Amino acid sequence: MGSAARTRPARRRWRIAVVPIALATIGSFLAPVSAAPPSPSVITADPSEQLHDRFTLAELPAPPTAPSTDAGSCTHTINPHDTGCLRPAWGALGAVGAYYPSSDYMLIGAQFAGAPTSGPTSGYTGSQVLLVHTDGKTFPNGDPWKCLTCGVAYPANFGSASGNNTFTYPINGFHDGKRALAGSAVIDCGSYQFADPRCTPAQLRAYPLYWDNGTGKPGQLREARLNPDDRHIGFSYLITSATQFDEYSFAGTLGFDPANSRYDIGGVRVLYNPAPAYQPYTVESGNRLRFNPAGMIGEFRGWTADGRSALGIQSYESDNIDAWATDNVTGRSRLLTRHAMYTDPMAASPDGRHLLSEQLLGSGRMDFLGGMQGVPPLTDQAGTTGHVSGLHDNVNRRFFLPHLVDPTTGRSEQLEPDGNWNTAADPAWLADSSAAVWAENLACGANPTPHTCADSTEPGGRNSRVMIARFPGFGPTPPPSVPTAPDTTWGLPYQPGQAIPARPHLAAGSYTVRGSASGTAEVVVTENSSKSLVMTLAVTYSDFSDTPGVVLNGTESVVRESDSAISAMTLHENLRMTGRHRGTKQTSEPNGFTMSPALLQSNFQVTGTLTITIDGHTYTQPANGT
């Protein structure tokens with residue numbers, strides 16, 4: 018692709034990508050399509066509910082690629098400027114971050130390799146942060162990129178969870194242009210902005226984040242993300258053991274501690290509250306269940322443009338995980354995406370008008386499970402979310418595709434038409450909100466193992482690249498001044514060392530959900546003897562309709578196969594959809610569709626089958642291990 022822009026009016030691009038289009042659609046959002054051979058039919062957004070913003074798609078420049086990871090393989094011949102080489106493997110280019118002083122630049126995480134073991138170029142190795150020109154210009158040495166951190170030591174083993182002990186993920190720039198959150202550290206160039214020639218690795222310092230969790234050691238941070246007010250910060254804490262798999266999100270305020278050369282996180286609150294007002298379903302008189310959009314964090318994914326709400330992911334429809342914004346003060350949640358199948362990497366434009374959401378919608382990966390719309394997230398309350406989310410990658414490949422989203426309506430538009438590439442977390446926007454930027458990896462993972470798609474045509478055969486989608490109709494608008502955001506007072510205050518209250522669940526009993534348009538869903542829940550887990554949850558639908566044009570009848574249930582938080586989960590599905598569209602969701606019986614706990618580690622291992630049909634189109638599961 019190179020760096021040449023590819024201009025495609027979105028409406029025309031849609032017609033090219035999906036001809037012939039199936040005439041039937043589901044509700045307002047879903048349409049089975051037949052892609053060009055040999056791609057299978059996949060579910061994607063209905064054109065009537067798509068955005069149709071024109072955009073140009075181009076590739077940002079990157080360092081040359083080393084032929085191997087061997088020391089010294091990045092030679093002067095490969096890079097005459099002696100400013101390093103990317104490693105050739107999958108994932109060499111990663112998260113991106115805004116550089117607020119100028120939209121002529123973008124912060125990009127990169128993995129270097131091939132540097133010599135000594136000498137002036139030995140620092141061009143490992144995980145680094147680049148400042149990259151987005152305007153076609155170069156730095157004084159002739160490179161369109163500048164390595165900010167090459168030669169700078171990362172604060173190793175200092176409160177960083179797996180995946181965060183490098184500079185490369187996530188990356189969030191401060192508005193002063195002199196600092197950026199990079200992994201679980203803040204890089205700081207003192208008096209100089211990153212684009213200033215005087216900002217060199219010799220000038221730059223890396224200060225670790227410090228969270229006091231009461232253990233006497235720095236708390237383990239996962240995926241910390243900076244609030245646009247440059248003061249608040251959010252992060253996650255993952256609990257994995259033989260008996261527990263859970264993730265909690267936290268928020269606090271940053272304060273520099275010069276005596277200890279670190280950034281302390283104070284005033285910490287858990288983005289969670291066990292009170293009934295913040296649960297997905299509330300129980301009303303007569304054991305009626307009402308969907309309750311509050312506290313929908315699930316996993317913390319960042320902040321809205323004004324910093325007043327936290328971004329998170331949670332189910333709005335069954336076996337789907339969408340994006341939400343949860344108000345820092347009230348805890349009320351607002352749905353941002355609609356039927357994304359699964360999303361977690363996302364970024365709000367600085368002007369707040371758009372969201373770049375990386376979704377599985379359009380990939381075909383989850384069509385067999387989440388393709389039927391209008392099904393309320395009832396079986397999800399039995400603890401299937403971890404298994405469902407495990408489908409988003411298979412270790413070698415993430416199935417994400419970039420979507421432009423209008424967060425007020427959920428209307429969306431897929432931006433990457435090349436099926437050989439999938440997006441990588443996290444995306445970002447230019448400071449003037451005129452363009453979105455994301456990294457991509459070759460869809461089959463690193464060649465040659467597994468070697469299931471075309472070899473990379475990128476320079477040096479690298480398996481990653483960084484794309485920029487420019488929107489002629491957007492701005493440019495100056496980055497807004499973001500006042501200090503309110504603290505997340507709806508969440509529980511956290512004291513170092515305190516135990517976090519267990520997550521509540523629906524108690525054993527019988528419940529009724531009334532459809533907003535018609536019908537009912539009768540729900541029966543059983544618990545284990547200690548009342549700590551839901552063991553079964555069964556639903557019977559009778560002319561149930563929450564979505565225009567979608568009427569549900571039939572049954573579905575989920576069974577926890579062991580009295581343990583980490584367990585196989587078995588689905589039994591016999592749903593029929595009528596109305597404007599006809600469809601079924603069915604499992605093989607009598608044994609159903611059992612999802613192994615291996616899915617929690619993104620290893621697709623199931624027994625039985627689960628199949629969705631929509632208006633004559635059939636969607637089946639992937640093979641085990643893929």
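Position one of the sequence shown corresponds to residue 18 (this note's numbering), numbered consecutively onward. Cβ atoms here follow ideal geometry from the backbone N, Cα and C, with glycine treated the same way. Bear in mind that the values here come from a model prediction, so they are computed numbers and not experimental data.
**Q.** Nonlocal neighbours in the same chain, by C-beta distance under 6 angstroms from R351, ignoring five residues either side
**A.** Contacts found: A342.
Q. Do the CB positions of I629 and D384 come within less than 8 angstroms of each other?
A. D384 is positioned such that its CB atom lies closer than 8 angstroms to that of I629.
(Q) Bridge partners for N230 per DSSP, in chain order? (A) Under DSSP, N230 takes part in no beta bridge, so it has no partner.
Q: Write down every uninterrupted run of the beta strand (DSSP E) in the segment 383 to 425 whose length is 3 residues or greater and which is fully enclosed by it, in chain order.
A: List check, beta strand (DSSP E) in window: 418 to 422.
Q.
Does S302 come out as helix, strand or coil in the three-state DSSP assignment?
A. DSSP, reduced to helix, strand and coil, places S302 within a helical segment of the structure shown.
Q. According to DSSP, what are the bridge partners of S527?
A. S527 is bridged to V541.
(Q) Check whether the segment 304 to 323 and the segment 234 to 248 touch, using three or more Cβ-Cβ pairs below 8 angstroms as the test. (A) Contact holds: three or more Cβ-Cβ distances are below 8 angstroms.
Q: Taking only the alpha-carbon atoms, compute the straight-line gap between A445 and A88 and give it to the nearest angstrom.
A: Whole-angstrom Cα-Cα distance: 32 angstroms.
Q: Tell me whether A292 sits in a helix, a strand or coil according to DSSP, three-state version.
A: Residue state, collapsed to three classes: coil.
**Q.** Identified DSSP bridge partners for L198
**A.** Answer is N189, V203.
Q.
Within 8 angstroms, do at least three Cβ pairs link the segment 366 to 378 to the segment 408 to 427?
A. Yes, the segment 408 to 427 touches the segment 366 to 378.
Q) Looking only at C-alpha atoms, which of G379, L288, N413, S58 sits nearest to Q431? A) In terms of CA proximity to Q431, G379 leads the group G379, L288, N413, S58.
Q: Decide if Q638 is buried, meaning its Cβ has at least 16 other Cβ atoms within 10 Å, or exposed.
A: Answer is buried; the Cβ neighbour count reaches 16.
Q) How would you label D435, buried or exposed, when you count the other beta carbons within 10 angstroms and need 16 or more for buried? A) Result: exposed.
(Q) By the three-class DSSP mapping on this structure, what secondary structure does L616 have? (A) The answer is helix: DSSP assigns L616 an H, G or I state.
Q: Quick one: grab the DSSP three-state call for S574.
A: Three-state DSSP puts S574 in a strand.
Q.
By the three-class DSSP mapping on this structure, what secondary structure does E66 have?
A. Helix.
Q: Could you spell out the range, first to last residue, of the beta strand (DSSP E) harbouring I517?
A: Note, I517: premise wrong, no beta strand (DSSP E); not H, not E.
Q.
Under 8 angstroms, with one C-beta from each stretch per pair, do the segment 401 to 409 and the segment 526 to 535 reach the 3-pair mark?
A. No: fewer than three Cβ pairs fall under 8 angstroms.
Q | Nearest neighbour of T595, chosen from V392, P521, L447, V551 [CA to CA] | A | Put simply, of V392, P521, L447, V551 the residue whose alpha carbon is nearest the alpha carbon of T595 is V392.
Q: Note down the Cα distance separating S266 from T92, rounded to an integer number of angstroms.
A: Going by the C-alpha atoms only, they are around 44 angstroms apart.
**Q.** Residue from S584, S613, F621, E573 with nearest C-alpha to P607
**A.** Nearest C-alpha to P607 among S584, S613, F621, E573: E573.
Q.
Rounded to the nearest angstrom, what separates I330 and G532 at their Cα positions?
A. Distance between I330 and G532, taken at the CA atoms: about 23 angstroms.
Q | Distance between beta carbons of L288 and G143, contact taken as under 8 angstroms | A | No, G143 and L288 are not in contact; Cβ-Cβ is about 32 angstroms, not under 8 angstroms.
Q) Relative to the alpha-carbon of H249, which residue among T543, L353, H634, T506 has its alpha-carbon at the smallest distance? A) Among T543, L353, H634, T506, the Cα nearest to that of H249 is on T506.
Q.
Taking DSSP's pairing of strands, which residues face V623 in a bridge?
A. According to DSSP, V623 shares a beta bridge with M612.
Q | Contact under 8 angstroms by Cβ, S650 with R325 | A | With the chain covering only 18 through 643, there is no way to say anything about residue 650.
Q | Residue from A127, L306, G381, L148 whose Cα sits closest to the Cα of T635 | A | A check of alpha carbon separations from T635 across A127, L306, G381, L148 identifies G381 as the nearest.
Q) Skipping 5 residues on each side, what residues in its chain have a beta carbon closer than 7 angstroms to that of P510? A) Once the five neighbours on either side are set aside, the close Cβ partners of P510 are R286.
(Q) Let me confirm a value: R520 is counted as buried when at least 16 other C-beta atoms fall within 10 Å, else exposed. Which label applies? (A) Counting Cβ neighbours within 10 Å, R520 comes out exposed, since fewer than 16 surround it.
Q | CA nearest to the CA of L395, picked from D160, L77, D563 | A | Minimum Cα-Cα distance from L395 among the listed residues D160, L77, D563 corresponds to D563.
Q | Status (buried if at least 16 other CB within 10 Å, exposed otherwise) for D580 | A | Exposed, since its Cβ has fewer than 16 Cβ neighbours within 10 Å.
Q) Is the beta carbon of A127 less than 8 angstroms from the beta carbon of L103? A) Contact annotation: A127 and L103 have beta-carbon atoms nearer than 8 angstroms.
**Q.** Euclidean distance between Cα positions of T553 and L592
**A.** Approximately 18 angstroms, taken between the alpha carbons.
Q) Using a Cβ-Cβ cut-off of 6 angstroms (strictly less than) and excluding sequence neighbours within five positions of Y295, which residues of its own chain qualify? A) Closer than 6 angstroms at Cβ, skipping near neighbours: A311, G312, G348.
Q. In this structure, does DSSP put G536 in helix, strand or coil?
A. In the structure shown, G536 sits in a strand (DSSP, three-state: E or B).
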